[in-house]
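Peer 1:
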Amino acid sequence: MTTPAERFAAAKVRGKHPLTIEFIEQFDFGFDEFQIIACQAVEDGKGVLVAAPTGAGKTVVGEFAAFSALAQGKKCFYTTPIKALSNQKFQEFVERFGEDRVGLLTGDTNINSEADILVMTTEVLRNMLYANSSTLKNLGSVVMDEVHYLADKSRGAVWEEVLIHLMESVQVISLSATVSNAEEFGDWLGEVRGSTEVIVSEVRPIPLYQHVLIGDRLVDLFREQGRINPEILGLEREALRQVRTPRHRRERFGESDNRLTRPDIIEKLQRENLLPAITFIFSRAGCDAAVKQCLAAGLKLTTTEERVEIAATAAKYTQNLAEEDLEVLGYRDWLIALERGVAAHHAGLLPSFKGAVEDLFKRGLVKAVFATETLALGINMPARTVVLEKLTKWNGEAHVSITPGEYTQLTGRAGRRGIDIEGNAVVQWSPTVDSATAAGLASTRTYPLRSSFTPTYNMSINLIARFGRERAHGSLESSFAQFQADRAVVGLVRQIKKNNSAAAELTDSAQCHLGDFSDYSRMRRDIKEMERLLSKRDGRRGIDQRQRVKLENELDGMRRALRQHSCHACNDRETHARFAEKADRLNRESDGLRDRVENRTHVIAKTFDRICDVLTHLGYIEGEKPLEQGKILAKIFAESDLLLTESIRRGVFDSLTPPELLSVASAMIYQGRSTEAYAPKMPNDNVANALVAVSKIWIELEAIENQFDVKTQREPDFGFCYAAYRWANGHSLSSVLKGTDMTVGDFVRSIKQLIDLLTQIGGAAEELRPACRDGIKRLDRGVISYMLGDL
9 MTTPAERFAA AKVRGKHPLT IEFIEQFDFG FDEFQIIACQ AVEDGKGVLV
59 AAPTGAGKTV VGEFAAFSAL AQGKKCFYTT PIKALSNQKF QEFVERFGED
109 RVGLLTGDTN INSEADILVM TTEVLRNMLY ANSSTLKNLG SVVMDEVHYL
159 ADKSRGAVWE EVLIHLMESV QVISLSATVS NAEEFGDWLG EVRGSTEVIV
209 SEVRPIPLYQ HVLIGDRLVD LFREQGRINP EILGLEREAL RQVRTPRHRR
259 ERFGESDNRL TRPDIIEKLQ RENLLPAITF IFSRAGCDAA VKQCLAAGLK
309 LTTTEERVEI AATAAKYTQN LAEEDLEVLG YRDWLIALER GVAAHHAGLL
359 PSFKGAVEDL FKRGLVKAVF ATETLALGIN MPARTVVLEK LTKWNGEAHV
409 SITPGEYTQL TGRAGRRGID IEGNAVVQWS PTVDSATAAG LASTRTYPLR
459 SSFTPTYNMS INLIARFGRE RAHGSLESSF AQFQADRAVV GLVRQIKKNN
509 SAAAELTDSA QCHLGDFSDY SRMRRDIKEM ERLLSKRDGR RGIDQRQRVK
559 LENELDGMRR ALRQHSCHAC NDRETHARFA EKADRLNRES DGLRDRVENR
609 THVIAKTFDR ICDVLTHLGY IEGEKPLEQG KILAKIFAES DLLLTESIRR
659 GVFDSLTPPE LLSVASAMIY QGRSTEAYAP KMPNDNVANA LVAVSKIWIE
709 LEAIENQFDV KTQREPDFGF CYAAYRWANG HSLSSVLKGT DMTVGDFVRS
759 IKQLIDLLTQ IGGAAEELRP ACRDGIKRLD RGVISYMLGD L
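In terms of our numbering, the sequence shown opens at residue 9 and continues consecutively.
#1: CB Ile289 to CB Phe378, shorter than 7 Å?
#2: Put Trp437 into one of helix, strand or coil per three-state DSSP.
#3: Is Leu27 closer than 7 Å to Thr204 when the C-beta atoms are compared?
#4: Alpha helix (DSSP H) containing Ala59: first to last residue?
#5: So for Ser6, helix, strand or coil by DSSP?
#6: With a 10 Å radius around its C-beta and 16 neighbouring C-beta atoms as the bar for buried, classify Thr67 as buried or exposed.
#7: Cα-Cα, which of Val102, Gln179, Phe661 and Arg556 is closest to Lys83?
#8: If you count every other CB in all the chains shown that lies within 10 Å of the CB of Asn714, and 16 or more means buried, which is it?
#9: How is the beta strand (DSSP E) around Phe378 delimited, first residue to last?
#10: What does DSSP give as the partner residues of Leu113 in its beta bridges?
#11: If we ignore side chains and look at the alpha-carbon of each, how far apart do Lys91 and Val110 end up?
#12: Among Arg104, Lys398 and Asn135, whose alpha-carbon lies nearest the alpha-carbon of Leu113?
#13: Identify, in the order they occur along the chain, each residue of the same chain with its Cβ nearer than 8 Å to the Cβ of Glu168, setting aside the five sequence neighbours on each side.
#14: Any idea which residues DSSP pairs His219 with across the strands?
#15: In whole angstroms, give me the CA-to-CA distance for Gly727 and Lys689.
#16: Hey, out of His25, Ala511, Gly63 and Tyr325, whose CA is closest to Thr416's CA?
#17: Roughly how many angstroms separate the alpha carbons of Leu787 and Trp735, rounded to a whole number?
#18: If Val374 sits next to Cys302, beta carbons under 8 Å apart, how far is it from one beta carbon to the other, in whole angstroms?
#19: Is Gly790 closer than 7 Å to Ala330 when the C-beta atoms are compared?
#20: Examine the Cβ distances between the stretch 221-241 and the stretch 190-205 and report whether three or more of them are shorter than 8 Å.
#21: Express the C-alpha separation of Arg421 and Gly747 in angstroms, rounding to a whole number.
#22: Return the chain-ordered list of same chain residues with a C-beta closer than 6 Å to the C-beta of Ser529, the five sequence neighbours on each side being excluded.
#23: Start and end of the alpha helix (DSSP H) containing Ile759?
#24: Can you tell me the Cβ-Cβ gap for Ala74 and Phe105, rounded? I've got them flagged as a contact below 8 Å.
#25: In this structure, what does DSSP give as the bridge partners for His353?
#26: Assuming contact is defined by CB atoms lying nearer than 7 Å, are Ala59 and Thr186 in contact in what I supplied?
#27: Could you give the DSSP three-state label for Arg260: helix, strand or coil?
#28: Measuring only the C-alpha atoms, how far is Gly129 from Gly338?
#29: In the DSSP assignment, what are the bridge partners of Glu630?
#30: Could you please give the first and the last residue of the uninterrupted alpha helix (DSSP H) stretch that includes Glu41?
#31: Which word fits Glu332, buried or exposed, when buried means at least 16 other C-beta atoms lie within 10 angstroms of its C-beta?
#32: So, are the CB atoms of Glu275 and Arg315 less than 7 Å apart?
#33: Going by C-alpha to C-alpha distance, which of Tyr465, Gln250 and Met175 sits closest to Val150?
#34: May I ask which residues mark the beginning and end of the beta strand (DSSP E) holding Leu147?
#35: Could you give the residue range of the alpha helix (DSSP H) that holds Ala345?
#36: Can you give the Cα-Cα distance for Asp617 and Ser177, rounded to whole angstroms?
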């Protein structure tokens, strides 16, 4: 029974934060301390940054922001980095607040766009800000979920654009994964957004236990106080001995190659009650192969009743797909695996297949999922166990070790709140994956957030149009990237001051009563430099003899001048020289530090200036004013914004039919996964000629960018032109994909991006609008039409 004092204290809390209390009472579980503090800060009208581990429940704070906005009669925007997350959050909000009060905007999906709560991708909000959309009226708060995405090299700038340019009156609630520099990020938010409460929680709601699977033995990675379990070290030595022993002489140690097969691992986890499990495999082909291996091994993880429910769910998710497409999609094999409780999850899958897998896994019907790391990007799909086969991945250029932050993000999926009392992370041992590496990743708690912000042509032209060049210049100085660069400058300047002070003391110690020793020291340096120059030249063949004689004569003169200098006769000459040389080294170091300071000072604004120089050179802006062509560029948000705008400007698309236009435009968005050079098939001569023109424009732009020290436009990729053209002309999915290495998921995603690009082109160039609309209609059919809102 509570005391009167405790009841009085509780009443005071309720009186100060009544909305928080009302919100918490709607849930059937108690809130953690960080959730309560964050909700109270939101209710107080402060900006909030919440940094907490995966699965800790930070999105509750975002939901409270929406609840609070409704209570105040204002709008709340909830932004996410990917459409799948937007769709997921939209469904959750509809259940909580009702479908009449919630809307969804993801570029290709527009549901209830004037609702009080709008869920959207971050790019949609950025575009609204530049267009000064009427939808922004009465906006009270913006939730930026997964705000650590601002470190993403290709899309991170969008987060900073939004945070910098949102109206001052808007309250921003930022939700981030655990980062070690949350306070630094919070300081920046405080500068650009006003008072911001930084709330950091490093406590997982469900404890995570780390294990190593050596052979067929599952061993704890750590003993007390975070030390590696000594038992593992002995098992590793034995495993390595077995690996080095010829196969016919090996003693049994688990499997003959010391690694269980994928089906064996799933069966072991099942025996130890560690399912459902996600096994992260850093390749799509590896995920698909793992499912086939489980089927070949006869693995069956489901009951008869579960299989009936799985079949019904799969049918629901695929009911709108054409019968002829199902075969291309590998529907039969996919369904057989699902019914056995096994599935793959990666970006190459059709969205409806992924949606079914996520649904079934969350309901405990699919027990084993083999996934790429894209699954760790915020989708609500926790497991009891996470398995890592390797601790390296292909990053597009090389095989690299995963970072501690990535390890934490992946293993953070382990442990289902309200279901499990613990989560388990399992690293499978191999000669290249040892306990020390796993322990290093598991115990590191430093995941700094680094800005990837840099101005683009589209961003620059929009800022100039909205603020003018000078104000745009100033707003870019507010970026997190510049904030971090400035903080680095503070340390460099401090070192320069230390060097200067020490060099001054050394110079004083080098003073000579006979004359100017600094002048004498300079002469000695010049002589050494000349001697180095001659020794290098003597090492080369075919040196000009007359030039060498001239340099040697010059050196003799320098030596004579040195001997004649008044300080040369000083008895302490060499002592003075040592002091002077140390001072000179410090001064040279300071010169290098000053160069680094210069490179960091106003670095974002300098990039903006160079981009403006390119735009001025091409006639997009004149002083503070965007010209007609600049107004087209302002509506093109694609990565190849300038290349596309120049192609429009020069009439590349003017005489093309809609299928030909979209075929050419696909070169601006497509990026093939293969790095091998090949000659892509062309639909016809019109497309081929237009692509030649695009290539020439790209070469010209690259030369101009090199001239102004800018690099933004990637080379166009023609690998999707033929497939896009054939799909637009009504060919079946199977015939379009025949002979290609493209998955259905990749095809759907590329078509979706192409539809988005055609929408941009039609909005920017009125003369191309009819062809773009026709092209969109041609693309939006069959599997694309059904899947468009799910990507």
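All C-beta atoms, glycine included, are put in the ideal place defined by N, C-alpha and C.
Peer 2: Answer, in terms of the structure:
#1: Looking up residue 289 in the sequence shown gives position 281. Looking up residue 378 in the sequence shown gives position 370. Contact flag set, yes.
#2: Stepping through the sequence shown from its first residue, residue 437 is reached at position 429. Residue state, collapsed to three classes: coil.
#3: One-based indexing of the sequence shown puts residue 204 at position 196. One-based indexing of the sequence shown puts residue 27 at position 19. For Thr204 and Leu27, no; Cβs fall outside 7 Å.
#4: If you number the sequence shown from 1, residue 59 lands on position 51. Run containing Ala59: none in the alpha helix (DSSP H); it sits in the beta strand (DSSP E), Gly55 to Ala59.
#5: What the structure shows of the chain is the stretch from 9 to 799, and residue 6 is not part of that stretch, so it cannot be assessed.
#6: Numbered from its first residue, the sequence shown carries residue 67 at position 59. Buried, because 16 or more other Cβ atoms sit within 10 Å of the Cβ of Thr67.
#7: Counting from 1 along the sequence shown, the entry for residue 83 is found at position 75. The candidate whose alpha carbon is nearest that of Lys83 is Gln179.
#8: Counting from 1 along the sequence shown, the entry for residue 714 is found at position 706. Looking at its Cβ environment, which holds fewer than 16 other Cβ atoms inside 10 Å, Asn714 is exposed.
#9: Translated into positions along the sequence shown, residue 378 becomes position 370. First-last of the beta strand (DSSP E) with Phe378: Ala376 to Ala379.
#10: Mapped onto the sequence shown, residue 113 falls at position 105. Partner(s): Asn118 and Met128.
#11: Translated into positions along the sequence shown, residue 91 becomes position 83. Translated into positions along the sequence shown, residue 110 becomes position 102. Each residue's Cα considered, the two are about 16 Å apart.
#12: Translated into the one-based positions of the sequence shown, residue 113 becomes position 105. Residue Asn135 is the option with its Cα nearest to Leu113.
#13: If you number the sequence shown from 1, residue 168 lands on position 160. These residues qualify, in order along the chain: Leu158, Ser459, Phe461, Ser487, Phe488 and Ala489.
#14: Translated into the one-based positions of the sequence shown, residue 219 becomes position 211. According to DSSP, His219 bridges with Asp228 and Val434.
#15: Within the sequence shown, numbered from 1, the residue matching residue 727 stands at position 719. Within the sequence shown, numbered from 1, the residue matching residue 689 stands at position 681. Taking the straight line from one Cα to the other gives about 8 Å.
#16: As a position in the sequence shown, residue 416 is number 408, starting the count at 1. Out of His25, Ala511, Gly63 and Tyr325, Gly63 has the C-alpha closest to the C-alpha of Thr416.
#17: Sequence index remark: in the sequence shown, residue 787 carries index 779 (1-based). Sequence index remark: in the sequence shown, residue 735 carries index 727 (1-based). For Leu787 and Trp735, the distance between alpha carbons rounds to 7 Å.
#18: Mapped onto the sequence shown, residue 374 falls at position 366. Mapped onto the sequence shown, residue 302 falls at position 294. In fact, because the Cβ distance is near 12 Å, the residues do not count as touching under 8 Å.
#19: Residue mapping note: residue 330 aligns to position 322 of the sequence shown, counting from 1. Residue mapping note: residue 790 aligns to position 782 of the sequence shown, counting from 1. A contact, by the Cβ cut-off of 7 Å.
#20: no
#21: Here the question's residue 747 lines up with position 739 in the sequence shown. Here the question's residue 421 lines up with position 413 in the sequence shown. Their backbone Cα atoms lie some 37 Å apart in a straight line.
#22: Along the sequence shown, one-based indexing puts residue 529 at 521. Closer than 6 Å at the Cβ level, and outside the excluded window around Ser529, lie Ala588.
#23: Counting from 1 along the sequence shown, the entry for residue 759 is found at position 751. Per DSSP, Ile759 belongs to the alpha helix (DSSP H) from Val752 to Ala772.
#24: As a first step, residue 74 must be located in the sequence shown, where it is residue number 66. As a first step, residue 105 must be located in the sequence shown, where it is residue number 97. Indeed, because the Cβ distance is near 7 Å, the residues count as touching under 8 Å.
#25: The count along the sequence shown starts at 1 and reaches residue 353 at position 345. Paired residues: Ala379.
#26: By 1-based counting over the sequence shown, the position of residue 59 is 51. By 1-based counting over the sequence shown, the position of residue 186 is 178. Contact: yes.
#27: To locate residue 260, count along the sequence shown from 1; it is residue 252. A caution first: Arg260 carries a pLDDT of 46, below 50, which makes its placement in the model unreliable, though a value can still be read off. Note: Arg260 maps to coil in three-state DSSP.
#28: For the purposes of this step, residue 129 is taken as residue 121 along the sequence shown, with counting starting at 1. For the purposes of this step, residue 338 is taken as residue 330 along the sequence shown, with counting starting at 1. A small fix is needed here, since residue 129 is Thr in this sequence, not Gly. Their backbone Cα atoms lie some 31 Å apart in a straight line.
#29: Translated into positions along the sequence shown, residue 630 becomes position 622. Glu630 is bridged to Lys633.
#30: Taking the first residue of the sequence shown as position 1, residue 41 is located at position 33. Counting along the chain, the alpha helix (DSSP H) containing Glu41 begins and ends at Glu41 to Glu51.
#31: Translated into positions along the sequence shown, residue 332 becomes position 324. It counts as exposed.
#32: Residue mapping note: residue 275 aligns to position 267 of the sequence shown, counting from 1. Residue mapping note: residue 315 aligns to position 307 of the sequence shown, counting from 1. Not a contact, by the Cβ cut-off of 7 Å.
#33: One-based indexing of the sequence shown puts residue 150 at position 142. That would be Met175, whose Cα lies nearest to the Cα of Val150.
#34: Looking up residue 147 in the sequence shown gives position 139. Here the beta strand (DSSP E) through Leu147 covers Leu147 to Met152.
#35: By 1-based counting over the sequence shown, the position of residue 345 is 337. Note, Ala345: alpha helix (DSSP H), Tyr339 to Glu347.
#36: In the sequence shown, counting from the first residue as 1, residue 617 sits at position 609. In the sequence shown, counting from the first residue as 1, residue 177 sits at position 169. Their Cα atoms are separated by approximately 30 Å.
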